[in-house]
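Heads up: the sequence shown begins at 949 in my numbering, then just goes up one per residue. Built from N, CA and C at the ideal position, the CB exists for glycine as well.
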Amino acid sequence: FSGLIGGIIYIIFMVLVFYNYIKYYRNHQFFFICFLVVFFFSFVSANTHFSVPIFAVLCLIPFLTRYLVEKEREEDNPDRK
């Protein structure tokens, strides 16, 4: 619906979501499995991925995890940035 630029941004966003889920897999295995189920379910039952509200929430979890892990790492090593 949003053309070539929207498609490229969507692909980049989804790559980042998958990358962060795989990178921090041990921190949230359950959410990654839920994300995969909703991701493939929305292919056959929804108009777009974001028409399923839980999909948007599951896309934000790896970014939140990344923020919290990096913040914890920074607190452990205050001289490292």
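Rounded C-alpha distance that separates residue i from residue j
i: L1016; j: E1022; result: 10 Å
i: I981; j: P1026; result: 34 Å
i: F961; j: F998; result: 12 Å
i: L952; j: S990; result: 21 Å
Three-state class that DSSP yields for residue i in the structure shown
i: D1024; result: helix
i: T996; result: coil
i: I950; result: Contrary to the premise, residue 950 reads as Ser rather than Ile in this sequence. Of the three classes helix, strand and coil, the one that applies to S950 here is coil, per DSSP.
i: Y958; result: helix
i: Y972; result: coil
Short Cβ contact (9 Å threshold) for residue i with residue j
i: F966; j: L1006; result: no
i: Y972; j: F983; result: no
i: V986; j: V1000; result: yes
i: H976; j: I1009; result: yes
Beta-carbon contacts of residue i that lie in its chain and below 7 Å, excluding the five residues immediately before and after
i: R1014; result: N968, Y972
i: F1011; result: N968
Residues of its chain near residue i, where Cβ-Cβ distance is below 6 Å and the 5 sequence neighbours each way are ignored
i: Y958; result: none
i: S993; result: none
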